[in-house]
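Trainee: Just dropping this structure here.
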Amino acid sequence: MIITSYDAVTMALIEKLKDHRIDYVLVVNDFKRALDLYDLGIRVAVGDVDDPATYQRLRADKAALVVATDRDEINTNITFTVRELSEQVPIITTADSPYSEDILQMAGSTKVLQLYGILGRSLAAWTVGGDCRANIISRFDDLCIAEFPAMWTPLVGETLAGSKLREKFGVTVVGLWERGKFAIPTADSVIQRNNVLVLAGSEKNLTAFEEIYSFYHICKLAVNPVLIVGSGRVGDTVAERFKERNSPYMVIEKNPKRLQDEAHYVIGDAADIRTLQKAWIEKAPAALITTHDDATNIYLTKYLRSLRPDMQILSRANLDRNVSTLHRAGADFVMSYASLGANAIFNFLKKEDTWLLAEGLNIFRVKVPEPLVGKNLASSGIRATTDCSVVAIRDGGAMQISPDPQMPMKAHTELILIGTEEGERKFLKAFEPPRNGRSSRRERAAESSPVSG
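Under the numbering used here, think of the first position of the sequence shown as 133, with each following residue one higher.
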């Protein structure tokens with residue numbers, strides 16, 4: 133993989149590539165900068181991203197993927213330059229402006245990611261009442277993985293065993309998410325108001341579940357608007373999603389020039405209690421904080437949480453390192469721009485073998501590793517060793533959802549697991565070690581690759 137800029141998205145991507153032992157090289161145009169990055173353990177090559185000679189030296193025509201995440205104009209230039217050498221190599225680009233998508237495609241981009249739009253839609257989907265239903269985030273044949281906020285439903289205070297969700301609807305709770313912490317639940321786990329349930333079942337099962345429990349979100353949202361703090365690209369996307377569903381919302385924006393609809397806008401500072409009162413802070417079921425500045429988002433999250441301990445608060449993060457801080461400030465859910473972009477690029481490379489469920493949580497699938505062949509789930513130690521949970525096993529065309537823990541795992545079948553990024557890393561380390569105990573070729577290359585010139 134050839135990466136053409138070093139930013140928040142590619143920083144997160146490089147870490148994921150290292151975890152999965154995938155070769156990459158980062159192109160930088162400054163030799164001193166290249167040495168600094170090399171000292172950090174990053175594989176680098178020196179060259180100009182708009183020079184065909186750079187890609188000739190890197191044999192771009194043989195690359196698994198070329199990644200361009202700079203400004204739209206630079207990404208277009210990179211795409212044209214690479215296409216001079218190869219019409220076949222896959223190129224993935226980001227686009228800040230919706231108008232750039234067509235231009236990048238005409239230049240030769242295989243896939244264009246509008247990350248701000250994806251981020252806005254993701255935040256809207258996670259909002260209580262945002263879609264008023266279980267949000268399906270992954271599909272594997274008949275298996276659906278979905279998330280559903282427990283807030284304001286009768287499930288709050290119930291144990292998983294007491295809720296009888298499997299008996300009533302055929303859905304299994306395979307995870308519980310609360311303010312940045314994911315846990316594999318037990319039958320005695322108690323559902324809290326801030327929990328997001330991670331559900332596994334067929335689409336028919338999930339429809340039966342949401343016909344009962346989505347009612348509580350719809351009632352809460354029917355008259356009380358959700359607050360959207362910030363009217364930038366992310367905030368506007370969130371507002372459009374609510375508008376499409378005729379769900380009430382109120383946008384708080386400092387800049388009067390961004391006023392689009394007086395009925396849904398309050399001009400003022402979200403840190404001013406008078407502005408918040410105009411936006412019905414006392415009644416809002418949720419608030420989405422969407423500014424592009426992480427420090428501002430942390431500040432506003434803490435303030436809103438102090439005013440409304442019972443309100444759902446969702447926030448955007450631009451850098452991965454600020455995700456945990458936003459959770460500590462009181463955010464129930466945080467979506468990182470960097471992780472979102474890194475996962476989208478990784479998914480494209482791997483043809484969607486991994487899906488980002490929430491910040492730091494993945495659903496991934498792997499062939500049964502050799503050390504696990506013949507063992508059953510109960511004795512495999514997967515959950516205890518890795519904090520991941522097997523949600524299904526696929527054998528050819530047959531999918532077994534919530535498999536029998538006593539069933540032996542067979543070679544050439546596929547495990548579908550859910551876990552944190554750290555859990556996925558533990559699984560790969562524990563059950564897919566390098567052959568003969570030695571470092572793999574990719575690991576050795578990553579550790580000892582020289583700076584290219």
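Note that CB positions come from ideal geometry on N, CA and C, so glycine has one too.
Can you check which of these residues, Thr-552, Asp-536, Lys-507, is closest to Thr-518 by C-alpha distance?
Mentor: Residue Thr-552 is the option with its Cα nearest to Thr-518.
Trainee: Alpha carbon to alpha carbon, how far is Arg-448 from Tyr-231?
Mentor: The alpha-carbon atoms of Arg-448 and Tyr-231 are separated by roughly 23 Å.
Trainee: Using a threshold of 8 Å, state whether the C-beta atoms of Val-398 and Ile-384 are closer than that.
Mentor: It is a contact, given that the beta carbons lie within the stated cut-off.
Trainee: Does DSSP put Gly-364 in a helix, a strand or coil?
Mentor: Three-state result, Gly-364: coil.
Trainee: Taking the C-alpha atoms as reference points, what is the distance between Ile-525 and Ile-206?
Mentor: Each residue's alpha carbon lies about 44 Å from the other.
Trainee: If we count Cβ pairs, one from each stretch, closer than 8 Å, do we get three or more for the stretch 308-327 versus the stretch 277-297?
Mentor: Cβ pair count under 8 Å is three or more, so yes.
Trainee: What would DSSP say about Gly-586, mapped onto helix, strand or coil?
Mentor: Outside the shown range of the chain (133 to 585) lies residue 586, about which nothing can therefore be said.
Trainee: For Glu-440, which residues in the same chain have their Cβ closer than 7 Å to its Cβ, ignoring the five residues on either side in sequence?
Mentor: Checking the displayed sequence, the identity of residue 440 turns out to be Arg instead of Glu. If we look at Arg-440 and ignore the five residues flanking it on each side, its Cβ neighbours are Ile-413.
Trainee: Using CA atoms only, rank isn't needed, just tell me which of Val-260, Gln-237, Gly-307 is closest to Thr-285.
Mentor: That would be Val-260, whose Cα lies nearest to the Cα of Thr-285.
Trainee: Quick one: what's Cys-276 bridged to in DSSP?
Mentor: The partner list for Cys-276 (beta bridge, DSSP) reads Arg-271, Gly-333.
Trainee: Is the stretch 215-234 touching the stretch 160-177 in the sense that three or more CB pairs, one from each, lie closer than 8 Å?
Mentor: Judged by Cβ distances under 8 Å, the stretch 160-177 makes no contact with the stretch 215-234, as fewer than three pairs qualify.
Trainee: If we count Cβ pairs, one from each stretch, closer than 8 Å, do we get three or more for the stretch 214-224 versus the stretch 175-190?
Mentor: Cβ pair count under 8 Å is three or more, so yes.
Trainee: With DSSP run on the structure shown, which of helix, strand or coil describes Thr-422?
Mentor: Of the three classes helix, strand and coil, the one that applies to Thr-422 here is coil, per DSSP.
Trainee: Could you tell me whether any non-hydrogen atom of the ligand SAM is closer than 7 Å to the CB of Phe-480?
Mentor: The model on display carries no ligand, and the ligand SAM is accordingly not part of it.
Trainee: Can you grab the Cα-Cα spacing for the pair Asp-485 / Val-198, in whole Å?
Mentor: Note that Asp-485 has pLDDT 47, beneath the 50 cutoff, so the model's placement of it is unreliable and the number below is only indicative. Approximately 19 Å between the Cα atoms of the pair.
Trainee: Hey, would you say Ile-587 sits closer than 8 Å to Thr-407, going by beta carbons?
Mentor: Nothing about residue 587 can be read from this structure; the chain reaches only from 133 to 585.
Trainee: Check Gly-435 in the structure and name its three-state DSSP category.
Mentor: According to the sequence displayed, residue 435 carries Tyr and not Gly. In this structure, Tyr-435 counts as helix in the three-state DSSP scheme.
Trainee: Confirm, please, whether the CB-CB distance from Ile-134 to Thr-142 is below 8 Å.
Mentor: No, Cβ-Cβ distance for Thr-142 and Ile-134 is not below 8 Å.
Trainee: If you draw a straight line from the alpha carbon of Gln-246 to that of Thr-226, how long is it in whole angstroms?
Mentor: Gln-246 and Thr-226: Cα-Cα distance of roughly 6 Å.
Trainee: Could you pull the DSSP bridge partners for Pro-317 from this structure?
Mentor: Its beta-bridge partners do not exist; DSSP assigns none.
Trainee: Apply the 10 Å Cβ neighbour rule to Glu-342 and answer buried if 16 or more other Cβ atoms are within range, or exposed otherwise.
Mentor: So Glu-342 counts as buried.
Trainee: Which two residues bound the contiguous beta strand (DSSP E) that contains Trp-309?
Mentor: 304-310 is the span of the beta strand (DSSP E), which, as asked, contains Trp-309.
Trainee: Out of Arg-311, Gln-188, Ser-363, Glu-376, which one is the CA nearest neighbour of Pro-388?
Mentor: Closest by alpha carbon: Ser-363.
Trainee: Excluding the 5 residues flanking Ser-254 on each side, which residues of the same chain have their C-beta closer than 6 Å to its C-beta?
Mentor: For Ser-254, where only same-chain residues beyond five positions count, the Cβ hits under 6 Å are Met-467.
Trainee: Starting from the C-beta of Tyr-381, find all residues in its chain whose C-beta is less than 7 Å away, skip the five residues before and the five after it, and write them out in chain order.
Mentor: Excluding positions up to five away in sequence, the list reads Pro-357, Val-358, Ile-360, Ala-371, Phe-374, His-396.
Trainee: Please report the distance separating the alpha-carbon of Asp-452 from that of Met-541.
Mentor: Taking the straight line joining both Cα atoms gives about 36 Å.
Trainee: Report, in whole angstroms, the separation of the C-beta atoms of Ile-550 and Val-330, which I expect to be a contact under 8 Å.
Mentor: The Cβ separation is near 7 Å, so the contact holds.
Trainee: Suppose the cutoff is 6 Å on Cβ atoms and the five residues either side in sequence are ignored; what does the same chain contact list for Ala-340 look like?
Mentor: Taken in chain order, the residues that qualify are Phe-301.
Trainee: Between which two residues does the beta strand (DSSP E) containing Ile-235 stretch?
Mentor: Segment 232-239 is the alpha helix (DSSP H) holding Ile-235; no beta strand (DSSP E) there.
Trainee: Identify whether Arg-191 lies in helix, strand or coil by the three-state DSSP scheme.
Mentor: Of the three classes helix, strand and coil, the one that applies to Arg-191 here is coil, per DSSP.
Trainee: Thinking Gly-307 and Ser-521 are a contact (beta carbons under 8 Å), I'd like their distance in whole angstroms, please.
Mentor: Confirmed, Cβ separation roughly 7 Å.
Trainee: Quick one: measure Cβ to Cβ for Phe-272 and Ile-548, integer angstroms, because I've assumed they're closer than 8 Å.
Mentor: Correct: roughly 6 Å between the Cβ atoms.
Trainee: Expressed to the nearest angstrom, what Euclidean distance is found between the alpha-carbon atoms of Gly-367 and Arg-189?
Mentor: If I take the Cα positions, the gap works out to 42 Å.
Trainee: Three-state secondary structure (DSSP) at Gln-538?
Mentor: Coil.
Trainee: With DSSP run on the structure shown, which of helix, strand or coil describes Met-382?
Mentor: Strand.
Trainee: Starting from Ala-257, follow the alpha helix (DSSP H) in both directions and report where the run begins and ends.
Mentor: Where Ala-257 is concerned, the enclosing alpha helix (DSSP H) stretches over 247-258.
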